[in-house]
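Novice:
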Amino acid sequence: MKIFRFLIIQILFLFCYTSASHAEVFGFKMNNQSATDTNTFVSPFQKDNERCFKCHGQSKYEYTNETLGRQVKELMYSERIVKRELFYNSNHKSFSCTDCHSEQYLKFPHAGELRMEQKYNCIDCHGGDEKFAQYHFEEIESEYQKSTHFKLEEEGFSCWKCHDPHSYKITVRNKDNLKETIAYDNAICLNCHSNFDHFQLLTDKEEISLIQKHDWLPNQATHFKSVRCIECHTKINDSIKISHLILPKEEAVKRCNECHSQNSILMASLYKFESKAQRRDGFFNGIILNESYVIGANRNEYLNLLSLILLIGVIGVIGIHIVFRIRKNNKTY
Amino acid sequence: MYLYPKWIRLWHVLNAILFLILIITGLSMQYTDKENASYIVGFATAIKWHNFSALILTINFIVFVTGNLLTKNGRYYKISKENFLNELLSQLKYYSLGMFKGEKHPFPVTEERKFNPLQKVTYVLAMYVAVPLLIISGIGLLFPEITVSKFFGISGLIYTDILHISMGFFLSIFMLIHIYTCTLGAKPTSLFWGMISGYHRDDEHQS
């Protein structure tokens, strides 16, 4: 009985113990900045950029209204705010604002026609550049053009809807905290798909029904924090690191077996970067176990074998017992 | 001899049906594959049936424990420490040798002793150790947010799952042996009829 009590206490301890990460079980962090991020980068253009950040770096700006002859305080339109700390942590942190924007912006008030300036897309800078060859931007562009998002280009869709050039940074290689990467990447999708202000710019639909549309998914909250939207909503492409071919909703993965199986698609998507470093303790797709657990994908070959041997053993013993019973009955009669 | 009151028989038949559903759906989830989308039962269907059956099984287990506490049935599960090992070996010896030599049952069924020592141990282990562990680990898998997120560097869910499938496996083996030993009555079917009618015949071996 002491062993029994000890077992129960151990089990209760396992379930009662909750780690700090449980605070983030539900919902996504929209501005997911790692707490360990310390920005030590000093931009060679910091001084130049400050001319822009002075007004665009926060929600309030001030200027001298020469007509009124006094200082005027105004609120900055939220879509035009670029946070310094996000920019200087982003992939484009070493840029000057005027590398991408017209130098005419240095004049204030800005000329009205500047609003119409043609914005660069990723491929404009990254295409055909050997330095970026490993990222296969051309393949990404080709996938994007086949994706369901591309159909919305007329409505104003572009790379920037998902990858804000002022704050975007690659996170998928953040092996220390995959959950943080998942939350960051999903926040990109939710920026439109859970924010009606952004959503309505690209569609005439009158509501977002993200939760209801995923009602069929068991343990919805757990799925949302354990995998990225793109796991089910893109077509896997082995030649690029992240698939950009967003599928129409009818073609999204809905078969549980796609992930919940020995040859889970998660190994070609979410765990692509780590799949070569598999665990060797008998678990299929063992690398998933570092962060999560997927029924059907994480079965253990040793346990499978052991259970099969035990089952055959028991059936064997029963079989022998039956044989002896039959022999005894034959002798009796 | 009237040994199995109505509530025990109802509990038992429900438990048997639920065990079968849970084994089939559990295997379907554990061994699902992309190429073989419907391994016995499709994954999505298996999850729904497994969760629902597990809920009923939990309620049924509470009925069993409460029934044993409130009625005399609980006394049949009390294991006496005295001669425990000798009695256990004696029963094992009977099953493996004695019954083939025509020896008499060492622990015949009486109104005071429904189970032989081997039955008592296996039933107590199954119903008071394996089933509670199965239910607790099942709750941990059904509500992963309450399960420890990481333990010794890997997801706490895998420990919970291993505990769950191990208990499920042992209970499946128990069920297999239990069904076989139920054929050891006067006739292979008489113990099954006893569990339906409630009456046990004296000339039977025990399962």
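In order, the protein sequence lines correspond to chains A and B.
In this text, residue positions in the first sequence follow our numbering: the first is 270, and each later residue adds one.
In this text, residue positions in the second sequence follow our numbering: the first is 547, and each later residue adds one.
Idealized CB from N, CA, C, for every residue including glycine.
The model shown is predicted, which means the values in this text are computed figures rather than measured ones.
(1) List the residues that DSSP assigns as beta-bridge partners of Val341/A.
(2) Of the choices Asn559/A, Val583/A, Val586/A and Cys428/A, whose alpha-carbon is the least far from that of Ser697/B?
(3) May I ask you to list, following chain order, the residues of the segment 712-724 of chain B that have a beta carbon less than 7 Å from some beta carbon of chain A?
(4) Answer with buried or exposed for Leu703/B, where buried requires no fewer than 16 other C-beta atoms within 10 angstroms of its C-beta.
(5) Under 9 Å, CB to CB, which of the residues in the segment 642-657 of chain B have a partner in chain D?
(6) Say whether the segment 471-480 of chain A touches the segment 514-532 of chain A, bearing in mind that this needs 3 or more beta-carbon pairs closer than 8 Å, one atom from each stretch.
(7) If we cut at 9 Å on Cβ distances, does Thr491/A have a partner in chain B?
(8) If you reduce the DSSP assignment to three classes, tell me which class Ile700/B lands in.
(9) When burial is assigned at 16 or more other CB atoms within 10 Å of the CB, is Asn464/A buried or exposed?
(10) If you draw a straight line from the C-alpha of Lys597/A to the C-alpha of Met645/B, how long is it?
(11) Am I right that Lys624/B and Leu549/B are in contact with their C-beta atoms under 8 Å? What's the rounded C-beta distance?
(12) Count the other C-beta atoms from every protein chain shown that fall within 10 angstroms of the C-beta of Asn334/A, then say buried if there are 16 or more, exposed otherwise.
(13) Rounded to whole angstroms, what's the CA-CA distance from Gly396/A to Cys501/A? Just pull it up for me.
(14) With a threshold of 9 Å between beta-carbons, can Arg524/A be considered close to chain B, or not?
(15) Using the three-state DSSP reduction, which class does Tyr413/A fall into: helix, strand or coil?
(16) Counting beta carbon pairs with one atom in the segment 602-620 of chain B and one in the segment 579-587 of chain A, are three or more of them shorter than 8 Å?
(17) Look up Phe607/B in the DSSP assignment and say whether it is helix, strand or coil.
(18) Where are the alpha helix (DSSP H) runs, 4 residues long or more, that stay fully inside the segment 606-685 of chain B, in chain order?
(19) Using 8 Å as the cut-off, can you tell me whether the segment 732-747 of chain B makes contact with the segment 679-696 of chain B, which would need three or more C-beta pairs spanning the two stretches below that distance?
(20) Would you mind telling me which residues of chain B sit closer than 8 Å to His529/A, beta carbon to beta carbon, in chain order?
(21) Can you list, in chain order, the residues of the segment 466-489 of chain A whose Cβ is nearer than 7 Å to any Cβ on chain B?
(22) Would Glu386/A and Ser363/A qualify as a contact pair, given that the criterion is a beta-carbon distance under 9 Å?
(23) Looking at chain B, which residues of the segment 560-584 of chain A have a Cβ within less than 8 Å of any of its Cβ atoms?
(24) DSSP has Ile515/A in a bridge; who is on the other side?
(25) Identify whether Tyr571/A lies in helix, strand or coil by the three-state DSSP scheme.
(26) Counting only Cβ pairs nearer than 7 Å, list the residues of chain A close to Tyr726/B.
(27) Counting only C-beta atoms, is Phe738/B closer than 9 Å to chain A at any point?
(28) With a 10 Å radius around its C-beta and 16 neighbouring C-beta atoms as the bar for buried, classify Leu281/A as buried or exposed.
(29) DSSP state of Tyr346/A, grouped into three classes?
(30) Ser538/A and Ile505/A look like a contact to me (Cβ under 8 Å); what is the Cβ gap, rounded to whole Å?
(31) Would you mind sorting His325/A into buried or exposed? The rule is 16 or more other CB atoms within 10 Å of its CB.
(32) Would you decide whether Gly714/B is buried or exposed? Buried here means 16 or more other CB atoms lie within 10 Å of its CB.
(33) Does any CB atom of chain B fall closer than 9 Å to the CB of Leu558/A?
(34) Based on Cα-Cα distance, which residue from Gln469/A, Ile409/A, Ser495/A and Asp368/A lies nearest to Glu449/A?
(35) Which chain B residues sit within Cβ distance under 7 Å of Lys504/A?
(36) Assuming Asp454/A is part of the alpha helix (DSSP H), what are its boundary residues?
Specialist: In short, the structure shows the following:
(1) The residue labelled residue 341/A in the question sits at position 72 within the first sequence. Its beta-bridge partners are Tyr332/A.
(2) For this step, residue 697/B is matched to residue 151 along the second sequence. The sequence given here places Phe at residue 697/B; Ser does not occur at that position. Per the Cα distances, Asn559/A.
(3) Hits within the stretch, in order: Phe715, Ile719, Leu722 and Ile723.
(4) As a first step, residue 703/B is located in the second sequence; it is residue number 157 there, counting from the start. Buried is the call here.
(5) Within the model displayed, chain D is absent; protein chains A and B are what it includes.
(6) no
(7) What you label residue 491/A is simply residue 222 of the first sequence in a count that begins at 1. Judged by the 9 Å Cβ criterion, Thr491/A is in contact with chain B.
(8) As a working mapping, residue 700/B is identified with position 154 in the second sequence. Strand.
(9) Looking up residue 464/A in the first sequence gives position 195. Exposed.
(10) Here residue 597/A is taken as the residue at index 328 of the first sequence, counted from 1. Here residue 645/B is taken as the residue at index 99 of the second sequence, counted from 1. Lys597/A and Met645/B: Cα-Cα distance of roughly 9 Å.
(11) For the purposes of this step, residue 624/B is taken as the residue at position 78 of the second sequence. For the purposes of this step, residue 549/B is taken as the residue at position 3 of the second sequence. Not confirmed; about 16 Å, so no contact.
(12) Along the first sequence, one-based indexing puts residue 334/A at 65. Only exposed fits Asn334/A, as fewer than 16 other CB atoms lie within 10 angstroms of its CB.
(13) Residue mapping note: residue 396/A aligns to position 127 of the first sequence, counting from 1. Residue mapping note: residue 501/A aligns to position 232 of the first sequence, counting from 1. As the crow flies, the alpha-carbon of Gly396/A is around 27 Å from that of Cys501/A.
(14) For this step, residue 524/A is matched to residue 255 along the first sequence. Closer than 9 Å: yes.
(15) Mapped onto the first sequence, residue 413/A falls at position 144. DSSP places Tyr413/A in helix when its eight states are reduced to three.
(16) no
(17) Here residue 607/B is taken as the residue at index 61 of the second sequence, counted from 1. Helix at Phe607/B.
(18) With a minimum length of 4 residues, the continuous alpha helix (DSSP H) runs that stay inside the segment 606-685 of chain B are 630-639 and 663-670.
(19) no
(20) For the purposes of this step, residue 529/A is taken as residue 260 along the first sequence, with counting starting at 1. Those within 8 Å of His529/A in chain B are Met575, Thr578 and Phe589.
(21) Pro487 and Asn488
(22) Translated into positions along the first sequence, residue 386/A becomes position 117. Translated into positions along the first sequence, residue 363/A becomes position 94. Not closer than 9 Å, so no.
(23) Glu560, Ser561, Tyr562, Ile564, Gly565, Asn567, Arg568, Asn569, Leu572, Ser576, Leu579, Leu580, Val583 and Ile584
(24) Mapped onto the first sequence, residue 515/A falls at position 246. The partner list for Ile515/A (beta bridge, DSSP) reads Thr503/A.
(25) By one-based count along the first sequence, residue 571/A stands at place 302. Correct three-state label for Tyr571/A: helix.
(26) The sequence position of residue 726/B within the second sequence is 180, counting from 1. Correct list: Ile587.
(27) Position 192 of the second sequence, counted from the start, is the residue given in the question as residue 738/B. Judged by the 9 Å Cβ criterion, Phe738/B is not in contact with chain A.
(28) For this step, residue 281/A is matched to residue 12 along the first sequence. With a pLDDT of 42 at Leu281/A, under the threshold of 50, the predicted position of this residue should be treated as unreliable, though the coordinate-derived value follows. Leu281/A comes out exposed.
(29) Counting from one through the first sequence, the residue named residue 346/A turns up at place 77. In the structure shown, Tyr346/A sits in coil (DSSP, three-state: anything other than H, G, I, E or B).
(30) Position 269 of the first sequence, counting from 1, holds the residue named residue 538/A. Position 236 of the first sequence, counting from 1, holds the residue named residue 505/A. At roughly 6 Å, the Cβ-Cβ gap stays under 8 Å, so Ser538/A and Ile505/A are in contact.
(31) Indexing the first sequence from 1 puts residue 325/A at position 56. By the 10 Å Cβ count, His325/A comes out buried.
(32) Taking the first residue of the second sequence as 1, we reach residue 714/B at position 168. Classification for Gly714/B: buried.
(33) By one-based count along the first sequence, residue 558/A stands at place 289. Interface residue, yes.
(34) Here residue 449/A refers to the residue found at position 180 when the first sequence is read from its first residue. Looking at the Cα atoms, Ser495/A is the closest of the given residues.
(35) On the first sequence, residue 504/A is found 235 positions in, with the first residue counted as 1. Per Cβ cutoff of 7 Å: no residues; Lys504/A is ~15 Å from chain B at best.
(36) Residue numbering aside, residue 454/A sits at position 185 when the first sequence is read from its first letter. From DSSP, the alpha helix (DSSP H) with Asp454/A extends over Leu447 to His462.
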